[in-house]
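Visitor: The following block contains the structure, expressed as structure tokens.
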Amino acid sequence: MIPSAPLAALAAPSLGWVFLLLATAGVLGPLCTARFRSPPRWVWGLLLAAALLAFRWPLLWVPHQQNPDESQLIAGAITLRYDPVFWRSVDGGTAGPLDFYPLLPAAWGDGIASYPIARLIGLATVLGTILFAGEALNLLVRLTVARAVVLPAVAFHALTTHPDFTHYSTELMPSLLLAAAGWLIARQVQSPSSARLWLIALLLGAAPWAKPQAMPLAGLLWLLTFAQNFRATPRPSWMPLIAGALLPALACFGLAASTGQIEHLITPLFLNNFYYVRFNAGYFSWAQTTALQWQNVLLDGYLGLWLTGAFAFALFALARAFRAPAAHRRLAALAALLLFAGVICALGPRRPTPHHLHFLMLPVIWATGAALALALRDSPVRPAGARPPPSTLLIVALFLLFALAPQFVWRARQPAGPAAFHHLTAAPAQLQLAALIRRLSAPGEPLAIWGWRSSLYVESGRPQATRQAHTETQIYPGPLQPYYLRRYIEDFQASNPPVFIDAVGPGNFAFTDLRRAHESFSPLRAAITARYTYIATLGGVRLYARNDRLSLLDRVAAP
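If you count by our numbering, then the sequence shown holds residues 5 to 563, one letter each, in order.
Have a look at this one:
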């Protein structure tokens with residue numbers, strides 16, 4: 005178990021300021037004097053990692069979910085621990101297997117200890133995305149640009165306390181895959197390699213299998229690589245790009261086919277994601293999503309300050325673009341295309357929550373890097389040991405003033421942000437429910453839930469009895485509802501869970517209408533009536549135990 009109140013963690017954000025300011029000095033120092041050397045790559049990476057970890061440290065230990073998706077993802081990982089075949093044991097909904105398998109270390113956590121492990125994995129993906137994005141810019145432009153533009157991104161991820169940005173979300177892993185592919189593409193521009201093309205294509209082909217919504221960015225990067233390969237090589241080879249991109253799909257379909265799960269791959273991942281958007285065309289449309297996400301940007305503060313500052317600086321850079329080198333103008337045009345693809349990924353219909361904006365982070369770093377390169381068009385590359393021209397320092401300082409300094413000021417005016425989250429605890433009813441589930445079932449035995457209370461899988465440490473961690477597709481009418489209802493009862497009968505939870509009714513997340521409770525689905529109602537006994541209602545959640553488990557518990561009187 006983890007301590008419920010690690011008070012020593014509250015000093016960590018103060019240490020984070022030291023690392024952030026040292027990183028800022030590592031960017032500006034070499035521009036002020038030739039005697040100040042840029043930190044080596046490993047020192048730079050450690051500074052960024054230390055800054056992120058120090059500011060996030062208190063939030064890692066929050067002893068409950070920060071977002072319902074956080075519990076859903078960890079619950080899937082716990083389930084994969086006992087049955088590692090995706091689609092047979094887990095349906096990720098709008099997320100694919102590559103979002104769940106990296107969370108397997110969290111599946112070995114003891115109850116709420118899974119949360120900090122998952123958050124650390126998420127923080128590692130954020131760091132990797134930022135470092136890969138910076139290294140790509142370092143190859144295409146120069147070190148000054150690369151390190152300056154990642155500072156606002158690091159500051160945002162370090163300083164934000166918005167729960168949607170501090171948990172392991174479904175957008176983080178595909179962003180890391182895309183960032184790694186972008187770095188390899190930049191290396192490919194410098195020195196073409198057939199082996200590298202295979203790896204680029206493999207990463208781009210894998211990204212949609214973490215999150216299908218990553219496809220616009222992955223597809224555009226693939227097309228740009230295809231075009232670059234055609235332009236740079238007298239006899240270009242198409243096999244690495246085509247076959248490499250198809251390998252992840254072949255692996256996933258091969259796994260599903262060999263385990264008899266083709267229907268359960270195609271229906272949830274393809275058909276349901278299509279209907280998820282099209283069946284509710286007027287619900288969170290492009291316009292509605294954009295308006296809601298703008299409100300989310302303003303609510304967080306740090307993201308709004310970063311994006312607004314970056315946009316203001318980009319306007320300044322465009323005013324200087326006509327005298328910039330042609331290579332930098334081409335880079336800016338490509339970055340604008342990638343930013344547009346990122347907007348499609350982040351703001352598509354039915355993507356109204358802040359964590360969808362993670363898809364903007366990588367293209368924003370690339371776009372601001374291209375903008376800074378445009379603005380530095382009359383600042384020559386510094387010979388070894390020479391002092392850079394004053395314009396370089398002024399322009400970089402102006403960029404940091406726009407995109408970084410406002411975030412520092414905003415955080416300085418809100419010093420208690422992490423502490424406010426740190427002192428929250430799980431609701432007593434939630435703790436009682438988790439304790440009852442543990443008492444009525446053994447480790448490895450499944451838990452069945454009707455409704456949306458995925459946190460109980462995590463806090464009890466029990467795998468899912470059904471492929472989905474919640475029953476949104478079973479409760480809401482839609483073209484695929486019969487499939488999901490049939491699959492739910494089949495999974496329920498096959499797993500024979502010792503404990504059943506009905507999380508529908510007042511006080512619950514998403515489903516508060518008791519008319520949608522498990523009694524509304526007659527096959528499930530019959531199974532519960534025949535083999536289960538009602539134990540208690542806690543926090544609006546009804547708990548039932550299989551009849552053969554009643555001896556493990558003195559029955560709690562019904563309220």
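Just so you know, even glycine gets a beta-carbon here, dropped at the ideal spot from N, CA and C.
Could you check if Ala-530 belongs to the surroundings of the ligand FMN, using beta carbon to heavy atom distance under 8 Å?
Guide: The model on display carries no ligand, and the ligand FMN is accordingly not part of it.
Visitor: Just confirm the distance between the C-beta atoms of Pro-238 and Ala-210, as a whole number of angstroms; I'd bet it's less than 8 Å.
Guide: Pro-238 to Ala-210, Cβ: 30 Å. No contact.
Visitor: Along the chain, which unbroken stretches of the alpha helix (DSSP H) at least 4 residues long are found entirely within the segment 162-230?
Guide: Segments of the alpha helix (DSSP H) lying fully in the segment 162-230: 167-170, 176-194 and 198-210.
Visitor: At which residues does the alpha helix (DSSP H) containing Leu-554 begin and terminate?
Guide: Here Leu-554 belongs to no alpha helix (DSSP H), and DSSP marks it neither H nor E.
Visitor: Between which two residues does the beta strand (DSSP E) carrying Asp-506 extend?
Guide: Its beta strand (DSSP E) spans residues 503-507.
Visitor: What are the start and end residues of each continuous alpha helix (DSSP H) run of 4 or more residues lying completely inside the segment 323-354, in chain order?
Guide: Counting only runs of 4 or more, we get 330-351.
Visitor: Tell me which same chain residues have a C-beta within less than 7 Å of the C-beta of Pro-240, skipping the five on either side of it?
Guide: Cβ neighbours of Pro-240 beyond the five flanking positions: Asn-233 and Phe-234.
Visitor: Throw me the rounded Cβ distance for the Asn-71 and Pro-167 pair, which I believe falls under 8 Å.
Guide: About 5 Å; that satisfies the 8 Å criterion.
Visitor: Once you ignore the five residues that flank Pro-410 on each side, which residues in its own chain have a CB closer than 7 Å to its CB?
Guide: Taken in chain order, the residues that qualify are Leu-309 and Gly-313.
Visitor: Round the Cβ separation of His-362 and Glu-175 to the nearest angstrom and send it over; I've been treating them as touching at under 8 Å.
Guide: Yes, His-362 and Glu-175 are in contact; Cβ-Cβ is about 4 Å, under 8 Å.
Visitor: Identify, in the order they occur along the chain, each residue of the same chain with its Cβ nearer than 6 Å to the Cβ of Ala-236, setting aside the five sequence neighbours on each side.
Guide: So the list reads Pro-196, once near-sequence residues are dropped.
Visitor: Kindly indicate which three-state DSSP category Arg-546 falls into: helix, strand or coil?
Guide: Arg-546 falls in the strand class under three-state DSSP.
Visitor: Assess, as a yes-or-no matter, whether the segment 76-90 is touched by the segment 103-121 under the definition of 3 or more beta carbon pairs within less than 8 Å.
Guide: Because the criterion of three Cβ pairs below 8 Å is met, the segment 103-121 and the segment 76-90 touch.
Visitor: Taking the alpha helix (DSSP H) that Gly-258 falls in, what are its first and last residues?
Guide: Element bounds for Gly-258: 243-262.
Visitor: I want to know whether the segment 351-362 touches the segment 270-281 - three or more CB-CB distances under 8 Å.
Guide: Yes, they touch.
Visitor: Which residues bound the alpha helix (DSSP H) around Gly-80?
Guide: Note, Gly-80: alpha helix (DSSP H), 72-86.
Visitor: Could you check if Trp-242 is buried or exposed, using at least 16 other CB atoms within 10 Å of its CB as the buried criterion?
Guide: Under this definition Trp-242 is an exposed residue.
Visitor: State the Cα-Cα distance for the pair Ser-289 and Thr-28, rounded to the nearest angstrom.
Guide: Cα to Cα, Ser-289 sits roughly 40 Å from Thr-28.
Visitor: Measuring alpha carbon to alpha carbon, tell me which of Val-368, Ser-198, Pro-329 and Ala-401 ends up nearest Ala-340.
Guide: Of the candidates Val-368, Ser-198, Pro-329 and Ala-401, the one whose C-alpha sits nearest the C-alpha of Ala-340 is Val-368.
Visitor: Rank Ala-255, Leu-35 and Arg-146 by C-alpha distance to the C-alpha of Gly-373 and give the top, closest one.
Guide: If we check each option's Cα against that of Gly-373, Arg-146 comes out closest.
Visitor: With 16 other CB atoms within 10 Å as the buried threshold, where does Asp-552 fall?
Guide: Asp-552 is exposed by the Cβ-count criterion.
Visitor: Between the segment 53-68 and the segment 17-32, are three or more C-beta pairs nearer than 8 Å?
Guide: Segments in contact, yes.
Visitor: Suppose you measure from the CA of Ala-549 to the CA of Gly-126; what does that come to, to the nearest Å?
Guide: Looking at the two C-alpha atoms, the distance is approximately 35 Å.
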